[in-house]
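Numbering (this note's numbering), first residue to last: 48 to 347.
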């Protein structure tokens, strides 16, 4: 048994589902519930409103292939649609790697080979999905977060790193690059000069160096990584979910262009629907009468 800040975790058996673990964290419950993407969550008693998604390819340093990314996309969709989930934690199996990017053994002339042997770069869809998700995503990083794995943690809202974490871009060493989020978000986080250094030299950086650059939020001892990440999650959950949702879309809007503005605008529309003024328009339509908007103040 492992005690983690109010959670009791009991592993009765090793459960592996493809290339992903999806866990719902239960507070004061004897089990850390786990589910397969297409399987219903086991009955939960008191939940913390947090789901942990774990890339399960430790033998490949949690490198992703198209099938892995498909599972991740489905897992994030499930978490988005679950109204009990307020925060999502993304991590990698084991302590050696968060994610080492695309599996180079499967790389072809047109991307990474899928089961049908078609090349894909569907990790780009995953990056956009995480950015547009209306719930905070925390990257919990132990070991290597390099290449596409480094980009993956950067598109998350927060990054909690273990003291053994290693960060960096490997693309130029293997004939690859990320001219999208991997460049623009990095430049925003660490500044244009440092971003050029990271890409042009393809060096690795320690967790402490990454924290100084602004790549991660905090660094903790490896044995306290999950405890600290859950602590951050619980602090977020104490705040207004609508405020957090709109703040995330607002913070991303500048970098995400029209798509970012669309997300921000959609969030504003949802809030308006919940007001008396918004309800008046809908109610009047259903009741086949003229809406009475004169009763609402024109605020300065």
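Where a beta carbon is used, it is the ideal one built from N, C-alpha and C, also for glycine.
- Residues of the same chain with a CB within less than 7 Å of the CB of residue 288, apart from the 5 flanking positions on each side, are 133 in chain order.
- With the rule of 3 Cβ pairs closer than 8 Å, the region 236-246 does not count as touching the region 293-307.
- If you draw a straight line from the Cα of residue 204 to the Cα of residue 336, it comes to about 45 Å.
- If you keep only unbroken alpha helix (DSSP H) runs of at least 4 residues inside the region 257-287, you get 272-284.
- Rounded to whole angstroms, residue 188 and residue 208 show a C-alpha spacing of 5 Å.
- Boundaries cannot be given for residue 140, as no beta strand (DSSP E) includes it and DSSP labels it neither H nor E.
- Of the residues assessed, residue 194 falls on the buried side of the cut-off, its CB having 16 or more other CB atoms within 10 angstroms.
- Scanning 328, 332 and 334 for the CA closest to the CA of residue 341 turns up 328.
- In the DSSP assignment, residue 111 is bridged to 149.
- Counting the other Cβ atoms within 10 Å of the Cβ of residue 290 gives fewer than 16, which makes it exposed.
- When secondary structure is reduced to three states using DSSP, residue 341 falls in the helix class.
- The C-beta distance from residue 306 to residue 254 rounds to 32 Å, too long to fall under 8 Å, and the pair is not in contact.
- DSSP lists no bridge partner for residue 249.
- Contact annotation, residue 228 with residue 202: C-beta distance approximately 5 Å; criterion of less than 8 Å satisfied.
- Look at residue 134 here: in three-state DSSP terms it is strand.
- Taking all protein chains shown into account, residue 214 has 16 or more neighbouring C-beta atoms within 10 Å of its C-beta and is therefore buried.
- Take residue 180, set aside five residues on each side of it, and the residues of its chain with a beta-carbon closer than 7 Å to its own are 123 and 127, in chain order.
- For residue 198, the enclosing alpha helix (DSSP H) has its first and last residue at 195-202.
- Pairing residue 144 with residue 190 gives a Cβ-Cβ distance under 7 Å.
- In the three-state reduction of the DSSP assignment, residue 99 falls in the strand class.
- The Cβ-Cβ distance between residue 139 and residue 102 falls below 7 Å.
- Residue 319 is bridged by DSSP to nothing; it lacks a bridge partner.
- Residues of the same chain with a CB within less than 7 Å of the CB of residue 171, apart from the 5 flanking positions on each side, are 227 in chain order.
- Residue 236 sits away from residue 269, with the two beta carbons spaced by 7 Å or more.
- Taken through DSSP and simplified to helix, strand or coil, residue 214 comes out as strand.
- Assignment of residue 180 by DSSP, reduced to helix, strand and coil, places it in the coil class.
- Residue 321 counts as exposed, since fewer than 16 other C-beta atoms from the protein chains shown sit within 10 angstroms of its C-beta.
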